[in-house]
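Reading through the structure tokens given below for one structure.
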Amino acid sequence: MPAVIHEAGTSANIVGGNDIARTRRASPLKYSGTLDKYSWNDLTPVIGREFEGVQIKDLIAAEDQVIQDLAVTISERGVVFLRDQDVTPIQMKHFMLRLTEHAGCPESSGLHVHPLTEEGSELGDQISVISSEKQKKGGGLTHMLSDVSRFASNAWHSDITFEPVPSDYAMLKIHTLPATGGDTLWASGYEIYDRLSPAMQRMLEGLTATHDARFFLEEAKNLGNPLREGKRGSPLNQGSELTAVHPVIRTNPVTGWKSVYVNKGFTKRINGVTKDESDMLLSYLFNLVTQNHDAQVRFKWRKNDVAIWDNRSTWHCATYDYEQARAGDRVCSLGEAPYLDLGSRSRREALGL
Ligand SMILES: O=C(O)CCC(=O)C(=O)O
Ligand SMILES: [Fe+2]
């Protein structure tokens, strides 16, 4: 039997989670068809969908069912792209609150406040400014672009997995772009789970991993901002520990599908095995993500395009191949404390593939 992670689950099949931050979904959600009036295009068989003619600002007031259907679509396809959005950071926050709520986030979860966000920042605490200029000063995601490595794939990560209650969804709008370059890639955690043998799946389902972002303490110093130690969107996300333990395989409550949940950016150790075994397993899993381009989608941004992704079941990687400024705004909502439902299925199994 897999080890119990934080606290006992509500049913014998649930491993991990936390009573303060449990999903409100008793069963996966079904798409009801309200987005069928839009045209869309699946960018690869396993991940990514681009919609045409959708404006987020119009969806803020849409019926609940529309928001729920969009949540299902994002969770199933991993990431959704919307071109040329006329949406402000405030509207992005409103929209993300509705999205996470209709997807079933726990009552205790709100929008994330990043530990590096400056107090009293212009756009509010819950907007992360993604900026190449800021990164040059030692902020943002520079740790992933260490001077030592020449592998662009080092930047693959899932957002804020060092928090006990990490992100369900994230929205990024890019408003400032270089003439070319700066693409972002996403990869499917469902597909990577499906590429493991049943024996490896069962073994990983019994394991947890430690996610650690204490390198942000150094970055906070470089930026000259105090670390945000108060509540970062959930009562469980506080302090300067910046470390969390999560199941290696987690169930997405919206789809009910299993996903691999370790990432190059934050996962340092698989627990309960030797260091050598942990290193071997993590490098094997990271290689599955970075070397399978058929589990990835690459998006070429145009000004004011928006991506919305499910951080529970995808990874993403920015591309730092440009010189000019590139900037945007990101909002991350918080979902449930990660858990594994041993009775849940894989994506291919659920779709009969
Ligand atoms: O700059 C990008 O393309 C992605 C940045 C990122 O990792 C994020 O917004 O979460
Ligand atoms: Fe990210």
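The sequence shown begins at -3 in the numbering used here and counts up by one.
Positions of the beta carbon are idealized from the N, C-alpha and C atoms, including for glycine.
Note that the structure is a prediction, hence the values are computed from the model and not measured.
Legend entry - Alpha carbon of T200 to alpha carbon of W152, nearest angstrom: Note on residue identity: the sequence assigns Leu, not Thr, to residue 200. Their backbone Cα atoms lie some 20 Å apart in a straight line.
Could you name the residues of the same chain whose beta carbon sits closer than 6 Å to that of S7, not counting the 5 residues immediately before and after it, in chain order? Counting only Cβ-Cβ distances below 6 Å, and skipping sequence neighbours, we find nothing.
Buried or exposed (CB count within 10 angstroms, at least 16 for buried), R20: exposed
key: Whole-angstrom distance between T113 and G135, CA atom to CA atom   = Caution is warranted here: a pLDDT of 48 is assigned to G135, below 50, making its placement in the model unreliable, and no coordinate value can be reported.
Assigned secondary structure, P162 (DSSP; H/G/I helix, E/B strand, else coil)
The DSSP-derived three-state label of P162 is coil.
Quick check on the burial criterion: 16 or more other C-beta atoms within 10 angstroms. Buried or exposed for R45? A residue is called buried when at least 16 other Cβ atoms come within 10 angstroms of its Cβ; R45 meets this threshold and is buried.
| task | Closer than 6 Å is what we want: which residues have a beta carbon that near any heavy atom of ligand 2? List them in chain order. | result | H153, D155, H312
Exercise. Whose C-beta lies closer than 7 Å to the C-beta of G229 among residues of the same chain, with five residues either side of it excluded?
Worked result: Here the set comprises S105, G106, L107, H108, V109, L330.
DSSP beta-bridge partners of V50: None; V50 has no bridge partner.
query = Span of the alpha helix (DSSP H) holding S329?
reply = Run containing S329: none in the alpha helix (DSSP H); it sits in the beta strand (DSSP E), 323 to 330.
Open item on the list: Across the region 66 to 75 and the region 22 to 35, are there enough close Cβ pairs to call them in contact, namely three or more that are closer than 8 Å?
Closed with: yes
**Per DSSP, cross-strand counterpart(s) of A303** = F77, L168
Sub-8 Å separation of I56 and Q87 beta-carbons | Against a cut-off of 8 Å, the Cβ pair of Q87 and I56 comes out as a contact.
For A183, which three-state DSSP category applies?
strand
Item to check | Residues near R191 in its chain [Cβ-Cβ closer than 8 Å; skip 5 each side] | outcome: L284, N288, A291, listed in sequence order.
Quiz item: According to the neighbour-count rule (16 or more other Cβ atoms, all chains shown, within 10 Å of its Cβ), is G5 buried or exposed?
Solution: With a pLDDT of 44 at G5, under the threshold of 50, the modelled position of that residue is not reliable, and no figure is offered here.
Practice prompt. Note down the Cα distance separating N259 from H242, rounded to an integer number of angstroms.
Written response: 11 Å
Length-filtered (4 minimum) alpha helix (DSSP H) runs lying within the region 56 to 113
60 to 73, 85 to 99
- Three-state secondary structure (DSSP) of L17: In the sequence on display, residue 17 carries Ala and not Leu. Helix.
>> I need the straight-line Cα distance from H2 to N248, nearest angstrom please.
In response: Legend: pLDDT at H2 = 38, less than 50; position of this residue unreliable, value from coordinates given subsequently. Approximately 18 Å between the Cα atoms of the pair.
Enumerate, from N- to C-terminal direction, the unbroken beta strand (DSSP E) stretches of 3 or more residues contained entirely within the region 247 to 323. 254 to 256, 263 to 266, 292 to 295, 301 to 306, 310 to 314
Does the region 328 to 348 come close enough to the region 269 to 284 that 3 or more CB-CB pairs lie under 8 Å?
no
Can L78 be considered in contact with ligand 1, in the sense that its beta carbon sits closer than 7 Å to one or more heavy atoms?
-> L78 Cβ: outside cutoff for every heavy atom of ligand 1.
- Item | Start and end residues, beta strand (DSSP E) containing N9 | Element bounds for N9: n/a, residue is neither H nor E.
- Query: Helix, strand or coil: which one does DSSP assign to I188?
  - Reply: helix
Tell me the rounded alpha-carbon separation between E103 and H207. Distance between the alpha carbons of E103 and H207 is about 24 Å.
**Q.** Cβ-based burial, L95 [other Cβ within 10 Å; buried from 16]
**A.** buried
For the alpha helix (DSSP H) that contains Q334, what are its first and last residues? Gln is not the amino acid found at residue 334; the sequence shown has Pro there. Where P334 is concerned, there is no enclosing alpha helix (DSSP H), given that its DSSP letter is neither H nor E.
May I ask you to report which of helix, strand or coil DSSP gives R341?
-> In the displayed model, R341 falls within a strand according to three-state DSSP.
- By how many angstroms is the C-alpha of F47 removed from the C-alpha of N37? 7 Å
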